[in-house]
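Novice: Let me give you the structure first, and then I'll get to my questions.
Protein chains: 2
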Amino acid sequence: MRDHTGMTQVTHKRGSAGDVVESELERLTTESAVRITGRVVDNPIVKLGGLEIIPESVEILNLAETPLPIDEHTGLEQRLDWRFLDVRRRFPAQVLFAVQTTLEQGMREYAYAQGCTEMHTPKLMGTASESGAEVFKLGYFDRDAYLAQSPQFFKQMAIAAGIDKVFEIGPVFRAEPSFTSRHATEFTGVDVELAWISDVEDVMAFEERMLAHALAKVAEAHGEAIREAFGVEVTVPSVPFPRITMADAQEILRAEGWDPEGAKEDLDPEGERGIAAHIQRETGHEFVFVTDYPASIRPFYHMRPAGRPDLTSSFDLMWKGLEITTGAQREHRHGVLLKQAAEKDMNTGPMQDYLNTFRYGCPPHGGLGMGLSRVLMVLLGLDSIREASFLFRGPNRLTP
Amino acid sequence: MRDHTGMTQVTHKRGSAGDVVESELERLTTESAVRITGRVVDNPIVKLGGLEIIPESVEILNLAETPLPIDEHTGLEQRLDWRFLDVRRRFPAQVLFAVQTTLEQGMREYAYAQGCTEMHTPKLMGTASESGAEVFKLGYFDRDAYLAQSPQFFKQMAIAAGIDKVFEIGPVFRAEPSFTSRHATEFTGVDVELAWISDVEDVMAFEERMLAHALAKVAEAHGEAIREAFGVEVTVPSVPFPRITMADAQEILRAEGWDPEGAKEDLDPEGERGIAAHIQRETGHEFVFVTDYPASIRPFYHMRPAGRPDLTSSFDLMWKGLEITTGAQREHRHGVLLKQAAEKDMNTGPMQDYLNTFRYGCPPHGGLGMGLSRVLMVLLGLDSIREASFLFRGPNRLTP
Numbered sequence: 001m002r003d004h005t006g007m008t009q010v011t012h013k014r015g016s017a018g019d020v021v022e023s024e025l026e027r028l029t030t031e032s033a034v035r036i037t038g039r040v041v042d043n044p045i046v047k048l049g050g051l052e053i054i055p056e057s058v059e060i061l062n063l064a065e066t067p068l069p070i071d072e073h074t075g076l077e078q079r080l081d082w083r084f085l086d087v088r089r090r091f092p093a094q095v096l097f098a099v100q101t102t103l104e105q106g107m108r109e110y111a112y113a114q115g116c117t118e119m120h121t122p123k124l125m126g127t128a129s130e131s132g133a134e135v136f137k138l139g140y141f142d143r144d145a146y147l148a149q150s151p152q153f154f155k156q157m158a159i160a161a162g163i164d165k166v167f168e169i170g171p172v173f174r175a176e177p178s179f180t181s182r183h184a185t186e187f188t189g190v191d192v193e194l195a196w197i198s199d200v201e202d203v204m205a206f207e208e209r210m211l212a213h214a215l216a217k218v219a220e221a222h223g224e225a226i227r228e229a230f231g232v233e234v235t236v237p238s239v240p241f242p243r244i245t246m247a248d249a250q251e252i253l254r255a256e257g258w259d260p261e262g263a264k265e266d267l268d269p270e271g272e273r274g275i276a277a278h279i280q281r282e283t284g285h286e287f288v289f290v291t292d293y294p295a296s297i298r299p300f301y302h303m304r305p306a307g308r309p310d311l312t313s314s315f316d317l318m319w320k321g322l323e324i325t326t327g328a329q330r331e332h333r334h335g336v337l338l339k340q341a342a343e344k345d346m347n348t349g350p351m352q353d354y355l356n357t358f359r360y361g362c363p364p365h366g367g368l369g370m371g372l373s374r375v376l377m378v379l380l381g382l383d384s385i386r387e388a389s390f391l392f393r394g395p396n397r398l399t400p
Numbered sequence: 001m002r003d004h005t006g007m008t009q010v011t012h013k014r015g016s017a018g019d020v021v022e023s024e025l026e027r028l029t030t031e032s033a034v035r036i037t038g039r040v041v042d043n044p045i046v047k048l049g050g051l052e053i054i055p056e057s058v059e060i061l062n063l064a065e066t067p068l069p070i071d072e073h074t075g076l077e078q079r080l081d082w083r084f085l086d087v088r089r090r091f092p093a094q095v096l097f098a099v100q101t102t103l104e105q106g107m108r109e110y111a112y113a114q115g116c117t118e119m120h121t122p123k124l125m126g127t128a129s130e131s132g133a134e135v136f137k138l139g140y141f142d143r144d145a146y147l148a149q150s151p152q153f154f155k156q157m158a159i160a161a162g163i164d165k166v167f168e169i170g171p172v173f174r175a176e177p178s179f180t181s182r183h184a185t186e187f188t189g190v191d192v193e194l195a196w197i198s199d200v201e202d203v204m205a206f207e208e209r210m211l212a213h214a215l216a217k218v219a220e221a222h223g224e225a226i227r228e229a230f231g232v233e234v235t236v237p238s239v240p241f242p243r244i245t246m247a248d249a250q251e252i253l254r255a256e257g258w259d260p261e262g263a264k265e266d267l268d269p270e271g272e273r274g275i276a277a278h279i280q281r282e283t284g285h286e287f288v289f290v291t292d293y294p295a296s297i298r299p300f301y302h303m304r305p306a307g308r309p310d311l312t313s314s315f316d317l318m319w320k321g322l323e324i325t326t327g328a329q330r331e332h333r334h335g336v337l338l339k340q341a342a343e344k345d346m347n348t349g350p351m352q353d354y355l356n357t358f359r360y361g362c363p364p365h366g367g368l369g370m371g372l373s374r375v376l377m378v379l380l381g382l383d384s385i386r387e388a389s390f391l392f393r394g395p396n397r398l399t400p
């Protein structure tokens with residue numbers, strides 16, 4: 001018998017005719033939900049703690065059909081079709097959601113201690129944010145609406161509303177036909193936005209401390225279970241995390257022979273892994289902030305450092321070579337923002353509400369967006385984001 | 001000068017020509033974002049704590065345009081158009097989000113202490129849940145998807161996955177053309193689901209304790225600010241909350257003259273207020289669970305009490321006459337569930353994934369769904385849910 005705390009052995013000696021316990025036990029099928037009442041007795045030959053239960057009553061609450069639709073040989077996609085059975089039958093999956101709960105609570109704890117307000121910004125928008133290319137469109141009474149691909153614009157509105165430190169955990173939606181092991185069309189985002197920052201360094205300092213705090217909690221509460229279930233040791237990172245500019249990262253990578261086609265200004269996944277490996281060799285650290293991304297590959301609302309219109313005051317955070325966060329100082333000056341939008345040939349018509357946010361006294365601010373399942377993927381050494389979410393959503397998967 | 005902690009006075013004596021502080025102060029407009037450095041000095045005639053700042057430097061970070069688009073005479077709808085200014089200018093709105101943060105954290109604290117796991121269930125679904133009538137439909141690559149109108153089905157899948165106590169705070173979407181003061185097309189739901197319950201009483205006991213715990217935290221942290229901003233006294237409710245069956249509630253209401261057209265089996269808003277007023281007169285309690293709703297007005301998945309196929313093991317929770325929660329024990333027996341769906345003439349075709357959840361050993365369970373903004377509305381005595389959300393979404397409002 002198994003519950004969420006573990007397994008125990010139930011032993012019944014075949015009895016006389018009319019033995020109700022026996023007849024119920026004989027009806028039982030694997031994975032049935034059952035309530036058993038009995039006496040716990042010592043039995044040194046039982047592996048599960050030297051204890052077993054001698055049942056006095058057996059109540060079958062939900063008899064499982066046979067055969068089960070999945071077994072230990074079932075492939076990933078069919079396991080996802082029967083995700084509830086997949087999670088119930090596998091100890092690691094159970095640990096995963098306990099870890100997720102602690103991780104979130106650790107991040108919230110840090111954010112609250114820093115004075116953050118938890119916001120719930122709308123997921124329904126009247127216009128497509130940014131490019132519109134990766135946005136889901138829906139019918140909204142007699143018009144169209146769009147699903148927010150990030151709380152970006154709305155958390156900036158909260159900053160302009162005088163809420164100086166904003167924290168949100170919620171779904172984000174990406175209409176991106178990506179089939180990689182790290183993309184999903186719906187995922188849980190952890191978003192932070194901070195007003196009155198001096199520069200983007202304040203945002204990185206917040207994030208590294210938030211992660212270190214949360215990972216310390218995870219290590220304490222689940223370190224042993226994670227070792228047992230995933231064979232992974234949770235390392236609580238020291239702060240500050242290493243930082244490297246994109247220019248320096250590229251120089252190092254090119255010296256090591258990295259020469260991708262196409263990715264002239266950005267890092268491709270190989271480059272991300274390469275720079276992370278380099279930093280780990282040099283510093284022993286699993287995390288690295290890559291900073292000063294070129295303006296050409298960042299959104300128009302990222303602030304540019306003084307005198308460097310070609311760069312942005314932005315960063316990505318890599319953990320063991322996987323990008324888990326993008327962050328930046330935002331441009332809060334209405335005129336500069338309009339200029340940067342024009343440079344990128346953006347149609348600002350649908351963005352009036354957003355742009356208006358900066359016309360009546362919006363303070364300097366910056367923030368970050370983190371993918372929760374990506375953090376879990378790296379933390380637990382999972383191969384795919386499909387296993388790091390409860391019910392994965394991708395271009396080909398909308399069920400169960 | 002105002003920040004999120006309050007107001008302070010800045011006093012500068014007109015100086016000589018070339019006084020940089022003076023020229024910057026003269027440029028200032030109302031609601032501009034400004035960083036002032038100076039000396040704090042005693043001044044007994046200053047109302048704000050007998051202190052003022054003598055500025056040594058003034059840095060205008062974002063000069064507000066004039067005139068501001070809203071002022072103290074602006075009506076609700078136009079205030080919502082400029083919600084960031086509306087919130088920034090009004091002390092009560094600032095308090096509201098601090099209260100929301102504490103309220104959520106209090107509920108989480110209770111839920112975690114009870115062993116809950118925090119889940120993030122998908123908002124994108126492959127088929128319309130339940131009736132389909134109030135569900136938003138969107139284009140999803142080459143097919144259609146739907147927005148979840150509640151995490152109901154998914155949190156039940158989490159129960160079937162062996163996650164015994166499920167907690168989620170997230171957005172829910174209702175394509176309902178309702179224009180009342182208490183309806184929104186997108187709102188934040190607080191959802192709980194509990195496995196291995198004895199009956200629906202376990203769910204009500206969880207909820208009343210969770211609310212009492214959270215409201216005690218709110219009273220302690222914000223009682224004084226709520227009194228000042230909203231003129232409302234926060235009462236920490238005693239447990240258990242009063243309970244009354246729908247049959248008894250109707251009998252009492254009809255004896256008091258309530259005789260609505262149409263609402264023969266349900267309570268209309270007047271009835272909800274009436275029974276709440278009755279309970280408050282009788283017991284002094286602001287909350288009341290109305291239980292045993294007729295099966296005819298409840299979803300097919302609500303469990304029916306043994307021998308009473310006309311009733312459900314369900315409840316609504318009213319606070320000061322407003323419904324803030326619906327809850328129930330769920331039918332976990334696959335055969336019974338199919339029968340109840342058939343009775344309601346439901347097309348079970350699109351619900352196969354949901355129905356499959358109950359075929360392989362799903363334990364008894366029940367849960368609740370609470371509207372966070374409705375709780376805030378009642379707690380703070382607000383007239384409309386529009387003021388209890390950061391950015392309200394209704395049939396006519398998708399912006400800002």
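Taken in order, these protein sequences are the chains called A and B.
Per full-length UniProt numbering, the very first residue in the first sequence carries number 1; after that it's consecutive.
Per full-length UniProt numbering, the very first residue in the second sequence carries number 1; after that it's consecutive.
By construction, the Cβ of each residue, glycine as well, lies at the ideal position given by its N, Cα and C atoms.
None of these values were measured; they are calculated from a predicted model.
Give the range of the alpha helix (DSSP H) segment to which residue 94 (chain B) is assigned.
Specialist: Its alpha helix (DSSP H) spans residues 91–113.
Novice: Within the continuous alpha helix (DSSP H) that includes residue 223 (chain A), where are the two ends?
Specialist: Element bounds for residue 223 (chain A): 200–230.
Novice: Please classify residue 401 (chain B): is it buried, with 16 or more other beta-carbons within 10 angstroms of its beta-carbon, or exposed?
Specialist: The structure shown does not extend to residue 401 (chain B), since chain B is modelled only from 1 to 400, so the question has no answer here.
Novice: Give a yes or no on whether the minimum CB-CB distance between residue 62 (chain A) and chain B is below 8 Å.
Specialist: With 8 Å as the cut-off, residue 62 (chain A) counts as an interface residue toward chain B.
Novice: Compute the distance between the beta-carbons of residue 134 (chain A) and residue 174 (chain A), then report whether it is under 8 Å.
Specialist: Yes, the Cβ-Cβ distance between residue 134 (chain A) and residue 174 (chain A) is below 8 Å.
Novice: Are residue 301 (chain A) and residue 338 (chain A) touching if we call contact CB-CB under 8 Å?
Specialist: No, the Cβ-Cβ distance between residue 301 (chain A) and residue 338 (chain A) is not below 8 Å.
Novice: Buried or exposed for residue 179 (chain A), please, with buried defined as at least 16 other CB atoms from any protein chain shown within 10 angstroms of its CB.
Specialist: Exposed, by the Cβ-count rule.
Novice: Assign residue 149 (chain B) to one of three DSSP states: helix, strand, or coil.
Specialist: The answer is coil: DSSP assigns residue 149 (chain B) none of H, G, I, E or B.
Novice: Can you list the residues of chain B that residue 219 (chain A) reaches, using a CB-CB cut of under 9 Å?
Specialist: None at all; the shortest Cβ gap to chain B is about 18 Å.
Novice: Given this structure, state the Cα-to-Cα distance separating residue 45 (chain B) from residue 51 (chain B), to the nearest angstrom.
Specialist: Those two C-alpha atoms are separated by around 9 Å.
Novice: Give me the Cα-Cα distance between residue 126 (chain A) and residue 249 (chain B), rounded to the nearest whole angstrom.
Specialist: Spanning the two alpha carbons is a distance of roughly 42 Å.
Novice: Just the Cα atoms here: how many angstroms apart are residue 322 (chain B) and residue 378 (chain B)?
Specialist: In a straight line, the C-alpha of residue 322 (chain B) is about 8 Å away from that of residue 378 (chain B).
Novice: Give the residues of chain D in contact with residue 287 (chain A), contact being defined as C-beta atoms less than 7 Å apart.
Specialist: The displayed structure is made up of protein chains A and B, and chain D is not among them.
Novice: For residue 62 (chain B), report the span of its beta strand (DSSP E) as first-last.
Specialist: Per DSSP, residue 62 (chain B) belongs to the beta strand (DSSP E) from 51–62.
Novice: Tell me whether residue 307 (chain B) sits in a helix, a strand or coil according to DSSP, three-state version.
Specialist: Coil, per DSSP.
Novice: Using the Cβ count rule (16 or more neighbours within 10 Å means buried), how would you classify residue 156 (chain B)?
Specialist: Result: buried.
Novice: Would residue 271 (chain A) be called buried (16 or more neighbouring beta carbons within 10 Å of its own) or exposed?
Specialist: It is buried - the Cβ of residue 271 (chain A) has at least 16 other Cβ atoms within 10 Å.
Novice: Between residue 323 (chain A) and chain B, is any beta-carbon pair separated by less than 8 Å?
Specialist: By this cut-off, residue 323 (chain A) is not an interface position.
Novice: At a Cβ threshold of 8 Å, is residue 163 (chain B) touching chain A?
Specialist: By this cut-off, residue 163 (chain B) is an interface position.
Novice: Quick one: which residues of the segment 21–35 of chain B get their C-beta closer than 7 Å to a C-beta of chain A? List them in chain order.
Specialist: Correct list: 31, 32, 33.
Novice: Under 8 Å, Cβ to Cβ, is there at least one residue of chain B near residue 137 (chain A)?
Specialist: By this cut-off, residue 137 (chain A) is an interface position.
Novice: Consult DSSP for residue 314 (chain A) and reduce its assignment to one of helix, strand or coil.
Specialist: The answer is strand: DSSP assigns residue 314 (chain A) an E or B state.
Novice: Rounded to a whole number of angstroms, what is the C-alpha to C-alpha distance between residue 348 (chain A) and residue 341 (chain A)?
Specialist: Between residue 348 (chain A) and residue 341 (chain A), the C-alpha separation is close to 7 Å.
Novice: Quick check on residue 359 (chain A) - is its C-beta less than 8 Å from some C-beta in chain B?
Specialist: At least one chain B Cβ lies under 8 Å of residue 359 (chain A).
Novice: Could you tell me how far apart the beta carbons of residue 206 (chain A) and residue 192 (chain A) are, in whole angstroms, since I believe they sit closer than 8 Å?
Specialist: Contact flag correct, Cβ pair sits at about 6 Å.
Novice: Please confirm if the segment 11–22 of chain B is in contact with the segment 358–369 of chain A, defined as three or more CB-CB distances below 8 Å between the two stretches.
Specialist: No: the two stretches stay apart, fewer than three of their Cβ pairs being nearer than 8 Å.
Novice: Could you tell me if residue 330 (chain B) is buried or exposed, where buried requires 16 or more neighbouring beta carbons within 10 angstroms of its beta carbon?
Specialist: Under this definition residue 330 (chain B) is a buried residue.
Novice: Just mark residue 5 (chain A) as buried or exposed, buried being the case when its beta carbon has 16 or more other beta carbons within 10 Å.
Specialist: Exposed, since its Cβ has fewer than 16 Cβ neighbours within 10 Å.
Novice: Please classify residue 16 (chain A) as buried or exposed, where buried requires at least 16 neighbouring CB atoms within 10 angstroms.
Specialist: Looking at its Cβ environment, which holds fewer than 16 other Cβ atoms inside 10 Å, residue 16 (chain A) is exposed.
Novice: Between residue 29 (chain A) and residue 66 (chain A), which are expected to be in contact by the criterion C-beta below 8 Å, what is the C-beta distance as a whole number of angstroms?
Specialist: Residue 29 (chain A) to residue 66 (chain A), Cβ: 5 Å. Contact.
Novice: Counting Cβ pairs, one atom from each stretch, are 3 or more of them under 8 Å apart for the segment 54–65 of chain A and the segment 194–206 of chain A?
Specialist: The segment 54–65 of chain A, when compared against the segment 194–206 of chain A, does not touch it at the 8 Å Cβ threshold.
Novice: Give the interface partners of residue 451 (chain A) over in chain B, defined as CB-CB distance under 9 Å, in chain order.
Specialist: For chain A, the structure presents residues 1 to 400; residue 451 (chain A) sits outside this window and is missing.
Novice: For the beta strand (DSSP E) that contains residue 251 (chain B), what are its first and last residues?
Specialist: From DSSP, residue 251 (chain B) is part of no beta strand (DSSP E) but of the alpha helix (DSSP H) over 246–255.
Novice: Just by C-beta distance, which residues in the segment 63–75 of chain B are closer than 7 Å to chain A?
Specialist: Residues passing the 7 Å Cβ filter: 64, 65, 68.
Novice: With a threshold of 8 Å between beta carbons, is residue 241 (chain A) in contact with chain B?
Specialist: With 8 Å as the cut-off, residue 241 (chain A) does not count as an interface residue toward chain B.
Novice: Start and end of the alpha helix (DSSP H) containing residue 24 (chain A)?
Specialist: Unbroken alpha helix (DSSP H) run through residue 24 (chain A): 20–27.
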